[in-house]
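Colleague:
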Amino acid sequence: MDLSNEQIMWLKKVKAGMTEEELATAVKDDVFLSLDRDSHLIRVAYHPEFNNGWNSMVEIPKKVSLTAEGISTLDVELEAKKTDVRNHLWYPIIVGFITYLLGVITGAIFL
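With positions in the sequence shown counted from 1, the corresponding number in the working numbering is that position plus 746.
1) Which residues in the same chain as I754 place their Cβ atom closer than 6 Å to its Cβ, once the five residues preceding and following it in sequence are excluded?
2) Go ahead and label I788 buried or exposed: buried means 16 or more other beta carbons lie within 10 angstroms of its beta carbon, across all protein chains shown.
3) What are the boundary residues of the alpha helix (DSSP H) that includes M764?
4) Starting from V810, trace the beta strand (DSSP E) in both directions and tell me its first and last residue.
5) When DSSP builds the beta bridges, which residues end up paired with F778?
6) Would you list the residues sitting across from R789 in a DSSP beta bridge?
7) In whole angstroms, give me the CA-to-CA distance for A791 and V810.
8) Do G816 and L757 count as a contact pair if the criterion is CB distance below 8 Å?
9) First and last residue of the alpha helix (DSSP H) that includes L857?
10) Rounding to the nearest angstrom, what Cα-Cα distance links I839 and K828 in this structure?
11) Once you ignore the five residues that flank A772 on each side, which residues in its own chain have a CB closer than 6 Å to its CB?
So this is what it looks like as structure tokens:
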């Protein structure tokens with residue numbers, strides 16, 4: 747599953763733990779809600795609260811947690827990003843530097 751950077755950020759925040767204030771602002775974000783409703787990577791527990799009697803029930807988010815699929819998906823995405831950096835940044839730099847050194851040494855010997 748390919749996740750966007752924003753989705754990965756939300757999953758990291760959920761894994762680290764969110765306060766009720768952070769959770770109250772997070773449930774207003776569409777990307778956060780898509781992780782709950784569409785992807786089922788997180789689970790938000792709501793608590794009903796009655797402001798003016800039974801007719802005015804409001805659901806307030808109280809707790810959020812990663813599902814088993816969410817934990818495994820986050821681990822896979824983080825490992826893929828780490829491998830991407832290693833394969834597409836560090837290896838080319840190291841190989842380029844070694845090639846440069848071999849070229850300089852070879853040029854110095856044969857010139």
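Note that beta-carbon positions come from the ideal geometry of N, C-alpha and C, so glycine has one too.
Modeller: On the basis of the coordinates in this document:
1) Against the sequence shown, residue 754 aligns to sequence position 8. For I754, where only same-chain residues beyond five positions count, the Cβ hits under 6 Å are E823.
2) By one-based count along the sequence shown, residue 788 stands at place 42. Counting other Cβ atoms within 10 Å of its Cβ, I788 reaches 16 or more and is therefore classed as buried.
3) The sequence position of residue 764 within the sequence shown is 18, counting from 1. Run containing M764: none; DSSP gives neither H nor E here.
4) Along the sequence shown, one-based indexing puts residue 810 at 64. Residues M803 to L812.
5) The residue you call residue 778 lines up with position 32 of the sequence shown. None, per the DSSP bridge assignment.
6) Position 43 of the sequence shown, counted from the first residue, corresponds to residue 789. Listed as beta-bridge partners of R789 by DSSP are S811.
7) Residue 791 sits at position 45 when you count from the first residue of the sequence shown. Residue 810 sits at position 64 when you count from the first residue of the sequence shown. Linking A791 to V810 through their CA atoms gives a straight-line distance of about 6 Å.
8) Residue 757 sits at position 11 when you count from the first residue of the sequence shown. Residue 816 sits at position 70 when you count from the first residue of the sequence shown. Against a cut-off of 8 Å, the Cβ pair of G816 and L757 comes out as a contact.
9) In the sequence shown, the residue the question calls residue 857 occupies position 111. Following the DSSP letters along the chain, one finds L857 in no alpha helix (DSSP H), marked with neither H nor E.
10) Residue numbering aside, residue 839 sits at position 93 when the sequence shown is read from its first letter. Residue numbering aside, residue 828 sits at position 82 when the sequence shown is read from its first letter. Near 16 Å, if we compare the C-alpha coordinates of K828 and I839.
11) Here residue 772 refers to the residue found at position 26 of the sequence shown. Within the same chain, and ignoring the five residues on either side of A772 in sequence, the residues whose Cβ sits closer than 6 Å to its Cβ are F778.
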